[in-house]
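Colleague:
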Amino acid sequence: DLREYTGVIIKEADRLQTLVDRLLAPHRVPRIVDDVNIHEVCERVRSVVLAEFPVELEIRRDYDASLPEFRGDKEQLIQALLNLVRNAAQAMSGGGTILLRTRVARQVTIARQRFRLALDLHVIDEGPGVPESIRDRIFLPLVSGRDGGSGLGLPLAQTFVQQHLGTIECDSRPGRTDFRVRLPLPCSD
1495 DLREYTGVII KEADRLQTLV DRLLAPHRVP RIVDDVNIHE VCERVRSVVL AEFPVELEIR
1555 RDYDASLPEF RGDKEQLIQA LLNLVRNAAQ AMSGGGTILL RTRVARQVTI ARQRFRLALD
1615 LHVIDEGPGV PESIRDRIFL PLVSGRDGGS GLGLPLAQTF VQQHLGTIEC DSRPGRTDFR
1675 VRLPLPCSD
């Protein structure tokens, strides 16, 4: 177990260093675009969060195996999903169940553009929900519903998803919060 956790820590440190370098000097470091398997992203995030919250947290998976790979920045997508899953774990005080669900959506409109196929990625938790007082502002910088929260995780996640032509939406009530990431997918004609 310790070797596995050590490997997770090393990979995360390297990934975060690359991400910080790119955020601080975006004009010097080209954006890395490659084929992305969203389930690899989900599994990476799952292993990081389970290492962070090892007791009382369960992260269930409900993946659609038919999802195709797509072109994107894997590191940005890992960070975006990590922010969502980490928020869910923190909202439940490190205990409870988080569900990662992927599906193919057909004939969807994202930011006023029509796509034949899209990825629907849901992060669903059973926590207390997003406080109603900040629900309409959660994607603004420095808005946080948690003591000690920076309020930067969701805006950064939204920025990374938007750079992939996608959107993040939130549906929240006590006992169930669902963050849905929707990204366009390539079509094979």
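Here the sequence shown is numbered in our numbering, starting from 1495 and rising by one per residue. Where a beta carbon is used, it is the ideal one built from N, C-alpha and C, also for glycine.
Grouping DSSP H, G and I as helix and E and B as strand, with all else coil, what is Ala1507?
Modeller: Here residue 1507 is taken as the residue at index 13 of the sequence shown, counted from 1. Reduced to three states, the DSSP call for Ala1507 is helix.
Colleague: Per DSSP, what are the beta-bridge partners of His1616 in this structure?
Modeller: For the purposes of this step, residue 1616 is identified with residue 122 of the sequence shown, where counting begins at 1. Answer is Arg1595 and Arg1674, bridged to His1616.
Colleague: Helix, strand or coil: which one does DSSP assign to Val1549?
Modeller: As a first step, residue 1549 must be located in the sequence shown, where it is residue number 55. Correct three-state label for Val1549: coil.
Colleague: Does Arg1565 come out as helix, strand or coil in the three-state DSSP assignment?
Modeller: Taking the sequence shown and counting its residues from 1, one reaches residue 1565 at position 71. Correct three-state label for Arg1565: strand.
Colleague: Distance check for Glu1552 and Gly1669, CA to CA, integer angstroms please.
Modeller: Start at 1 with the first residue of the sequence shown, and residue 1669 comes out as number 175. Start at 1 with the first residue of the sequence shown, and residue 1552 comes out as number 58. Looking at the two C-alpha atoms, the distance is approximately 15 Å.
Colleague: Going by DSSP, what residues sit across from Asp1529 in a beta bridge?
Modeller: Position 35 of the sequence shown holds residue 1529. Partner(s): Arg1565.
Colleague: Could you give the DSSP three-state label for Val1602: helix, strand or coil?
Modeller: Translated into positions along the sequence shown, residue 1602 becomes position 108. Looking at Val1602 - three-state DSSP - the assignment turns out to be strand.
Colleague: Residues in the same chain with beta-carbon distance under 6 Å from Ala1545, minus the five sequence neighbours each way, listed in chain order, please.
Modeller: Stepping through the sequence shown from its first residue, residue 1545 is reached at position 51. Closer than 6 Å at Cβ, skipping near neighbours: Tyr1499 and Val1502.
Colleague: Going straight from the alpha carbon of Gln1511 to that of Val1602, what length do you get?
Modeller: Position 17 of the sequence shown, counting from 1, holds the residue named residue 1511. Position 108 of the sequence shown, counting from 1, holds the residue named residue 1602. If I take the Cα positions, the gap works out to 35 Å.
Colleague: With H, G and I counted as helix, E and B as strand and the rest as coil, what does DSSP make of His1521?
Modeller: The count along the sequence shown starts at 1 and reaches residue 1521 at position 27. Unreliable positioning characterises His1521 in this predicted model, as indicated by a pLDDT of 48, which lies under 50. The coordinate reading is nonetheless provided below. Three-state result, His1521: coil.
Colleague: Name the residue from Ser1541, Gly1590 and Arg1606 whose alpha carbon lies nearest to the alpha carbon of Pro1622.
Modeller: Stepping through the sequence shown from its first residue, residue 1622 is reached at position 128. If we check each option's Cα against that of Pro1622, Gly1590 comes out closest.
Colleague: Beta carbon of Leu1615: closer than 7 Å to some heavy atom of the ligand NAD?
Modeller: No copy of the ligand NAD appears in this structure; indeed no ligand is present at all.
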